[in-house]
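As numbered in my numbering, residues 134 to 420 make up the sequence shown, in order.
Yeah, the Cβ is synthetic: ideal placement off N, Cα and C, and Gly gets one too.
Quick notes on the structure that follows.
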Amino acid sequence: MPVLTFTRRRTFLTMLLLCSFSVGLMVRDVKLPQITVRSVFLFLLYPFQWTWSNMTWLVGESVKRVVTLGETQKNLSEAEDKIQQLQTQLLLFSQLQKENEELRQILDVKKRIQYDALSTRIVNKNLDITSSRFLIDRGIRDGVKRNHAVIGYTPEYGFYIIGKIVEVNVFTSVVEVLYSENFFIGGALPNGSLGVLNGQGGWHQYCVMSYVPTEALVEVGDVITTSGESDIFPAGFRIGFVVGMTSSLRQEFFKRLYVKPYFHPMQVQFLFVLRWSLVAEEEGDHE
Numbered sequence: 134m135p136v137l138t139f140t141r142r143r144t145f146l147t148m149l150l151l152c153s154f155s156v157g158l159m160v161r162d163v164k165l166p167q168i169t170v171r172s173v174f175l176f177l178l179y180p181f182q183w184t185w186s187n188m189t190w191l192v193g194e195s196v197k198r199v200v201t202l203g204e205t206q207k208n209l210s211e212a213e214d215k216i217q218q219l220q221t222q223l224l225l226f227s228q229l230q231k232e233n234e235e236l237r238q239i240l241d242v243k244k245r246i247q248y249d250a251l252s253t254r255i256v257n258k259n260l261d262i263t264s265s266r267f268l269i270d271r272g273i274r275d276g277v278k279r280n281h282a283v284i285g286y287t288p289e290y291g292f293y294i295i296g297k298i299v300e301v302n303v304f305t306s307v308v309e310v311l312y313s314e315n316f317f318i319g320g321a322l323p324n325g326s327l328g329v330l331n332g333q334g335g336w337h338q339y340c341v342m343s344y345v346p347t348e349a350l351v352e353v354g355d356v357i358t359t360s361g362e363s364d365i366f367p368a369g370f371r372i373g374f375v376v377g378m379t380s381s382l383r384q385e386f387f388k389r390l391y392v393k394p395y396f397h398p399m400q401v402q403f404l405f406v407l408r409w410s411l412v413a414e415e416e417g418d419h420e
């Protein structure tokens, strides 16, 4: 028994030594990674490096975006300024086009006037229907004088009487309209009958034509023109049209006509001052 036990132990020890030797050979061929202080430090530092790197990138990108946004806002502001300048230039160009078109129309209309005419405009824009006078932008420097006739023009009615100059300044003049109570003008009917028109005031805006013979054939709608029996108004210009008639109570031999002037203060399109007088025309004819 003791011999058998020893033999078993020897066999076990032999196997144990062989296994240990085999494991030793295996471990000898395997290279384990070397762990150093530097590798441990880098491993611990890596999260901080990653955080710092990303923070730096984020800050850089934010700065770039802020700079880009500032440049964009600057460019946008410059673009808005340019747009405003272009809009202003476009507005000025449109105004110039409008003024040129108006000037062309004025010149075209002026060519149809047989007398020395000066185009003008109303200065006081607050002119209302009750006004009997208004201001124009022509005066002494333009050769305007008292009692010069003022006419208007519309494509619908042609040329018609507006009034006359009653006050002249250096740069402006005052026009009294024909429906003023102080305004008198000689008129002619289509059949040649003559009469005198007198304004009835701004509220009424019509004229009464007196001294028309009772035998004169008159119809509502007849056009009254200037008679030419005046030193102020040349013959042939329209004054208004007949809207009614009665017989004169004071003079049974005459009719009384109610005439609506063509001029309306809110519908003025073109105005002209006629630098004309019958005396000057007669003197010119004698020469």
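Distance between residue j and residue i (C-alpha atoms, nearest Å)
i: glycine 334; j: valine 392; result: 13 Å
i: serine 410; j: proline 367; result: 8 Å
i: serine 343; j: valine 329; result: 5 Å
i: phenylalanine 219; j: threonine 205; result: In the sequence as presented, phenylalanine is not what sits at residue 219; that position holds leucine. Taking the straight line from one Cα to the other gives about 20 Å.
i: tyrosine 293; j: isoleucine 284; result: 6 Å
i: glycine 369; j: serine 360; result: 7 Å
i: phenylalanine 316; j: isoleucine 365; result: 12 Å
i: tyrosine 312; j: glycine 276; result: 26 Å
i: isoleucine 239; j: phenylalanine 405; result: 9 Å
i: asparagine 233; j: threonine 221; result: 18 Å
i: arginine 408; j: isoleucine 295; result: 14 Å
i: serine 186; j: alanine 212; result: 38 Å
i: valine 345; j: leucine 225; result: 54 Å
i: asparagine 331; j: glycine 319; result: 9 Å
i: proline 288; j: valine 401; result: 11 Å
i: valine 303; j: histidine 281; result: 15 Å
i: glycine 203; j: glycine 193; result: 15 Å
i: threonine 358; j: glycine 373; result: 7 Å
i: serine 195; j: leucine 223; result: 41 Å
i: asparagine 208; j: arginine 198; result: 15 Å
i: histidine 337; j: glutamine 228; result: 37 Å
i: threonine 253; j: glutamate 352; result: 35 Å
i: isoleucine 298; j: glutamine 230; result: 31 Å
i: glutamine 182; j: methionine 188; result: 10 Å
i: glutamine 340; j: methionine 378; result: Note on identity: in this sequence residue 340 is cysteine, with glutamine being the wrong assignment. If I take the Cα positions, the gap works out to 12 Å.
Nearest-angstrom beta carbon gap, residue j and residue i [assumed within contact, 8 Å]
i: leucine 322; j: aspartate 355; result: 6 Å
i: valine 307; j: glutamate 300; result: 4 Å
i: serine 80; j: glutamate 235; result: The structure shown has nothing for residue 80, since the chain only spans 134 to 420.
Residues near residue i in its chain [Cβ-Cβ closer than 6 Å; skip 5 each side]
i: valine 242; result: Tyr286, Phe403
i: leucine 327; result: Ala321, Ser360
i: leucine 350; result: Asn324
i: isoleucine 273; result: Val301, Val303
i: valine 376; result: Tyr391, Lys393
i: isoleucine 246; result: none
i: serine 210; result: none
Residue environment, residue i, which counts as buried when at least 16 other CB atoms sit within 10 Å
i: lysine 388; result: buried
i: histidine 397; result: exposed
i: phenylalanine 386; result: exposed
i: alanine 250; result: buried
i: phenylalanine 267; result: buried
i: lysine 278; result: exposed
i: glutamine 217; result: exposed
i: tyrosine 179; result: exposed
i: tyrosine 395; result: buried
i: threonine 184; result: exposed
i: threonine 201; result: exposed
Beta-carbon proximity list for residue i, same chain, < 8 Å, skipping 5 on both sides
i: glutamate 420; result: Unreliable positioning characterises glutamate 420 in this predicted model, as indicated by a pLDDT of 47, which lies under 50. The coordinate reading is nonetheless provided below. So no residue of the chain qualifies.
i: threonine 347; result: Ser380, Glu385, Phe386, Phe387, Lys388
i: tryptophan 190; result: none
i: tyrosine 248; result: Pro367, Leu407, Arg408, Trp409
i: threonine 144; result: none
Residues of its chain near residue i, where Cβ-Cβ distance is below 7 Å and the 5 sequence neighbours each way are ignored
i: glycine 112; result: Residue 112 cannot be examined here, being either before or after the span of the chain that is shown, 134 to 420.
i: valine 256; result: Leu268, Ile269, Asp270, Thr305
i: lysine 215; result: none
DSSP beta-bridge partners of residue i
i: alanine 321; result: Leu327, Thr358
i: leucine 268; result: Val307
i: phenylalanine 387; result: Pro346
i: valine 301; result: Ser306
i: serine 252; result: Phe405
i: isoleucine 294; result: Ile284
i: methionine 378; result: Leu390
i: arginine 371; result: Tyr293, Thr358
i: valine 341; result: Asn331, Tyr391
Check: residue i C-beta below 6 Å from any heavy atom of the ligand NAD
i: threonine 144; result: This structure lacks the ligand NAD, and indeed carries no ligand of any kind.
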